[in-house]
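Colleague: My questions will all concern the structure given below.
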Amino acid sequence: MSNQTNEAGTLYLVPTPIGNLEDITFRALNVMKTVAVIASEDTRNTQKLLNHFEITTKQVSFHEHNTQERIPQFIKWLKDGTSIAQVSDAGMPSISDPGKELVQACIAAGITVVPLPGANAALTGLIASGLAPQPFFFWGFLPRKPKEQKTTLTQLKSYSATLIFYESPYRIVKTLENLIAVLGGDRQVVLARELTKRYEEFIRGSLTTVLAEMTSRTIKGEFVILVAGASEVEAPTLVLTDEQVRQAVAELIQAGAKPNAAIKTVAQQTNQKKQEVYRIYHEL
């Protein structure tokens, strides 16, 4: 890649439509037309978007499997004056998609990072869900393994914020079953399906009724799951033995939580002081 200027280039983070191509912004189109290269999660998918808007900018693949290879290459180009637009297949780069490692590398190298506003499935679903729009807690894709998924949901059970997850049509029923197992069947939920597309749909109700609806039909399309936050009535204090406290903390850590965060979560769930749970866990 040849130099364009004597100054460093800019990394532009460009959101792409999550379904409806009309949701692209004029600014996003202009950036993709004027940069030297587009870093795409899937070049074949992005090419369809570029063809639709008659954009001929060169693409280079950038996905989770070639991150370590591409980042040094991109940093060199940027330092040499080449500006890059980074896009994912749909929505915001870095949000449940590749991007954050490149952003971190650019910041460390003193390269300017410019984010563009645009489509995002989580917020699009949230504002039409009918659930409390704020505060909300966005998790993204839950762990696939049932045990790890339940451990994560247990960690989130007492949150009063609206919970937002992404899920595929292949795992939506099992995830709803795990939500019921951990949160109970009465918690309100909204499934936002195929957002901005022709068959956009919102399925609302209790977890139990929504699960019954989903098991009775052919399931297609990507989902945003929005779950009402816990009320004080829905989040009773847990009474655990010392051994159960240690086990609860250990399970959260095994699922990926940092020790202090796991101890804090168990303290909230058991209405104990953090220092007491710390003492129990470390057997002091």
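At position 64 of the sequence shown the residue is numbered 64 (full-length UniProt numbering), and the sequence of numbers has no breaks.
A virtual CB, placed ideally from N, CA and C, is assigned to each residue, including glycine.
1. Is residue 95 helix, strand or coil by DSSP?
2. Per DSSP, residue 205 is paired with what?
3. Rank 26, 171 and 131 by C-alpha distance to the C-alpha of residue 188 and give the top, closest one.
4. Please confirm whether residue 320 and residue 14 have their CB atoms less than 7 Å apart.
5. Of all the beta strand (DSSP E) runs that stay within the bounds of the stretch 130-174, which reach a length of 3 or more residues?
6. Please state if the CB of residue 120 and the CB of residue 91 are separated by a distance shorter than 7 Å.
7. Can you give me the start and stop residues for the beta strand (DSSP E) that residue 224 sits inside?
8. Going along the chain, which residues of its own chain have a beta-carbon closer than 7 Å to the beta-carbon of residue 210, five neighbours each way excluded?
9. Cα separation between residue 106 and residue 22?
10. Thinking C-beta only, is residue 277 closer than 7 Å to residue 263?
11. Shortest alpha-carbon distance to residue 253 belongs to which of 242, 241, 243 and 266?
12. Any idea what DSSP makes of residue 218, helix, strand or coil?
13. Round the Cβ separation of residue 62 and residue 115 to the nearest angstrom and send it over; I've been treating them as touching at under 8 Å.
Modeller: This is what the structure gives:
1. Numbered from its first residue, the sequence shown carries residue 95 at position 95. Coil at residue 95, not helix or strand.
2. Position 205 of the sequence shown, counted from the first residue, corresponds to residue 205. Looking at the DSSP assignment, residue 205 forms a beta bridge with 189.
3. Within the sequence shown, numbered from 1, the residue matching residue 188 stands at position 188. Residue 131 is the option with its Cα nearest to residue 188.
4. This structure gives no information on residue 320, because the portion of the chain shown stretches from 1 to 284.
5. Counting only runs of 3 or more, we get 136-141 and 162-167.
6. Taking the first residue of the sequence shown as position 1, residue 91 is located at position 91. Taking the first residue of the sequence shown as position 1, residue 120 is located at position 120. The answer is yes: Cβ separation under 7 Å.
7. As a position in the sequence shown, residue 224 is number 224, starting the count at 1. Note, residue 224: beta strand (DSSP E), 223-227.
8. Position 210 of the sequence shown, counted from the start, is the residue given in the question as residue 210. Result list for residue 210: 176, 189, 191 and 203, in chain order.
9. In the sequence shown, the residue the question calls residue 106 occupies position 106. In the sequence shown, the residue the question calls residue 22 occupies position 22. Cα atoms of residue 106 and residue 22: separation of roughly 30 Å, rounded to the nearest angstrom.
10. What you label residue 263 is simply residue 263 of the sequence shown in a count that begins at 1. What you label residue 277 is simply residue 277 of the sequence shown in a count that begins at 1. For residue 263 and residue 277, yes; Cβs fall inside 7 Å.
11. Against the sequence shown, residue 253 aligns to sequence position 253. Residue 253 has its Cα closest to that of 266, out of 242, 241, 243 and 266.
12. Position 218 of the sequence shown holds residue 218. DSSP, reduced to helix, strand and coil, places residue 218 outside both helices and strands of the structure shown, so it counts as coil.
13. Locating residue 62 in the sequence shown gives position 62, where the first residue counts as 1. Locating residue 115 in the sequence shown gives position 115, where the first residue counts as 1. Not really, about 16 Å apart at Cβ, beyond 8 Å.
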